[in-house]
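*Asks:* Read left to right, the sequence shown gives residues 3 to 281 (our numbering). Every residue, glycine too, gets a C-beta built ideally from N, C-alpha and C.
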Amino acid sequence: MTSLSASLVRGAITSPFKHPGRPGATLPTDRLTLPAAPAAPGPLAAYRRICGFPAPESGPLPLTYAHVLAFPLAMRLMTGRDFPLPVVGLVHTWIEISSHRPVQSGEALEPTVYAAELTPHRRGTEVTMVTEARVGGELVWESRSGYLSRHATKGEAAAARVGEEAPELPAVAEWRLPGDLGRRYGAVSGDRNPIHLHPLTARLFGFPRAIAHGMWTVARCLAEADKQAGELRTVRAEFRAPVLLPATVTYAAGPAGNAFALRSTSGRVHLTGTVTRAL
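1. Take His102 as the anchor and find which of Phe73, Glu144 and Ala76 has the nearest alpha-carbon.
2. Out of Val90, Ile97 and Pro122, which one is the CA nearest neighbour of Arg12?
3. Starting from the C-beta of Asn195, find all residues in its chain whose C-beta is less than 7 Å away, skip the five residues before and the five after it, and write them out in chain order.
4. Between which two residues does the alpha helix (DSSP H) harbouring Arg186 extend?
5. Thinking C-alpha only, which one of Arg270, Ser151, Leu264 and Thr114 is nearest Val137?
6. Can you tell me whether Pro74 is buried or exposed? The criterion is at least 16 other CB atoms within 10 Å of its CB, across all chains shown.
7. Compute the Euclidean distance between the alpha carbons of Pro257 and Ser100, then round it to the nearest angstrom.
8. May I ask you to report which of helix, strand or coil DSSP gives Asn195?
9. Can you give the Cα-Cα distance for Ala42 and Val93, rounded to whole angstroms?
10. Can you give me the C-alpha to C-alpha distance between Glu112 and Pro104, rounded to a whole angstrom?
11. Should the stretch 26-41 be called in touch with the stretch 196-215, which here means at least 3 C-beta pairs below 8 Å?
12. Measuring only the C-alpha atoms, how far is Gly181 from Pro40?
13. With DSSP run on the structure shown, which of helix, strand or coil describes Ser151?
14. For Leu2, count neighbouring Cβ atoms within 10 angstroms of its own Cβ and tell me buried if that reaches 16, exposed if not.
15. With DSSP collapsed to three states, give me the class of His69.
16. Taking C-alpha atoms, which residue in Ala110, Gln106, Met77 and His123 lies nearest to Ala117?
17. Do the CB positions of Ala225 and Cys53 come within less than 8 Å of each other?
18. For a quick check, are the C-beta atoms of Pro45 and Val142 less than 8 Å apart?
19. Could you give the C-beta distance for Leu234 and Arg178, rounded to a whole number, given that I count them as a contact under 8 Å?
20. Any idea if Asp84 is buried or exposed, counting beta-carbon neighbours within 10 angstroms, 16 or more meaning buried?
21. Could you say which of Thr250, Gln230, Glu109 and Thr133 lies nearest to Thr219 if we only look at CA atoms?
22. Which residue marks the beginning of the alpha helix (DSSP H) containing Gly1, and which one marks its end?
23. Measuring straight from C-alpha to C-alpha, what distance separates Ala110 and Val70?
24. Which residue comes first and which comes last in the beta strand (DSSP E) that contains Thr205?
25. Sort out for me which residues DSSP pairs Val11 with in a bridge.
26. According to DSSP, simplified to helix, strand and coil, what is Pro40?
27. Report yes if the C-beta distance between Thr108 and Pro30 is below 8 Å; otherwise report no.
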């Protein structure tokens with residue numbers, strides 16, 4: 003958590019000196035790795051509670067947890083001098099996660115993070131960050147995440163990521179999200195981005211109130227999806243609109259439980275996704 007907080011400060015300092023959309027921009031080639039270690043029981047239990055996962059003393063890690071463990075590495079890369087995009091204002095747009103086998107909570111997990119590619123987007127430039135997790139050299143888990151830096155573009159020169167229309171799915175559950183959810187999740191994950199903490203700090207970045215962490219919304223949806231039969235193996239989620247806190251939101255899912263969405267009581271879609279399950 004300390005290294006993540008330091009990265010947030012470094013990002014605030016370096017962002018004004020970066021120019022997104024600069025021709026010929028390249029990504030750093032560094033691969034950052036944490037030493038192999040099992041998940042700490044206390045923080046893991048706190049993460050399970052706030053995201054709604056069952057809290058067994060042992061068993062497999064939640065599908066999203068390796069991303070949380072490795073996120074400080076991603077932030078260290080994205081706030082480095084040779085990273086071309088400013089981290090301030092960077093928007094998490096999508097994530098794909100694949101679990102090659104269940105990772106038990108007592109296994110020594112070794113996460114590695116690197117920047118994979120820069121892609122033109124109709125609203126700016128998108129970077130794809132990759133996280134890999136190994137146990138004893140075996141690749142057991144990986145994810146790819148898109149982060150958008152918004153800036154002026156030249157129309158046809160910038161391609162847009164084509165997403166599917168939000169599915170019309172039946173409501174399954176309704177959740178009341180408290181105003182301090184961002185602070186509580188930030189304490190568990192270490193992600194204390196000001197946009198998630200207080201209305202005043204969120205307003206500095208153009209939000210009327212604090213917003214929920216995107217990774218919390220994904221995790222909460224997966225905790226609900228995990229109640230159905232079949233072990234979750236992959237997820238693809240698209241972040242469509244921020245959730246302003248406090249809020250009441252509806253979790254919706256298809257009959258087979260493979261497609262899901264999170265929407266507000268007004269019908270605004272915040273998140274859509276699909277999962278696959280082990281046979």
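*Replies:* In short:
1. For the residues Phe73, Glu144 and Ala76, the minimum Cα distance to His102 belongs to Glu144.
2. Measuring from the Cα of Arg12, the nearest candidate turns out to be Val90.
3. For Asn195, the CB contacts under 7 Å within the same chain, skipping 5 residues up- and downstream, are Leu10 in chain order.
4. Counting along the chain, the alpha helix (DSSP H) containing Arg186 begins and ends at Leu183 to Ser191.
5. Checked all of Arg270, Ser151, Leu264 and Thr114; the closest Cα to Val137 is Thr114.
6. If you draw a 10 Å sphere on the C-beta of Pro74, you find 16 or more other C-beta atoms in it, and that means buried.
7. Going by the C-alpha atoms only, they are around 22 Å apart.
8. Residue state, collapsed to three classes: coil.
9. Between the alpha carbons of Ala42 and Val93 lies a distance of about 29 Å.
10. Spanning the two alpha carbons is a distance of roughly 15 Å.
11. Result no; under three Cβ-Cβ pairs closer than 8 Å.
12. C-alpha of Gly181 to C-alpha of Pro40: approximately 32 Å in a straight line.
13. Three-state result, Ser151: strand.
14. Because the chain is modelled from 3 through 281, residue 2 falls outside the range shown and cannot be assessed.
15. Helix.
16. The option with the nearest alpha carbon to Ala117 is Met77.
17. Yes, they are a contact pair.
18. Cβ distance not < 8 Å, so Pro45 and Val142 don't count as in contact.
19. That belief does not hold up - the Cβ atoms of Leu234 and Arg178 are roughly 25 Å apart, past 8 Å.
20. Burial call: exposed.
21. Cα-wise, what sits closest to Thr219 is Thr250.
22. Residue 1 is absent from the model: the chain starts at 3 and stops at 281.
23. Rounded to whole angstroms, the gap between the alpha carbons of Ala110 and Val70 is 15 Å.
24. Before going on, a small fix: residue 205 reads as Arg here, not Thr. For Arg205, no beta strand (DSSP E) run applies; the uninterrupted alpha helix (DSSP H) run containing it begins and ends at Pro201 to Arg205, by DSSP.
25. The partner list for Val11 (beta bridge, DSSP) is empty, contrary to what the question assumes.
26. Shown here, Pro40 sits in coil according to DSSP, grouped into three states, outside any helix or strand.
27. Correcting the residue type first, residue 108 is Gly in the shown sequence and not Thr. Result no, Cβ atoms of Gly108 and Pro30 do not sit closer than 8 Å.
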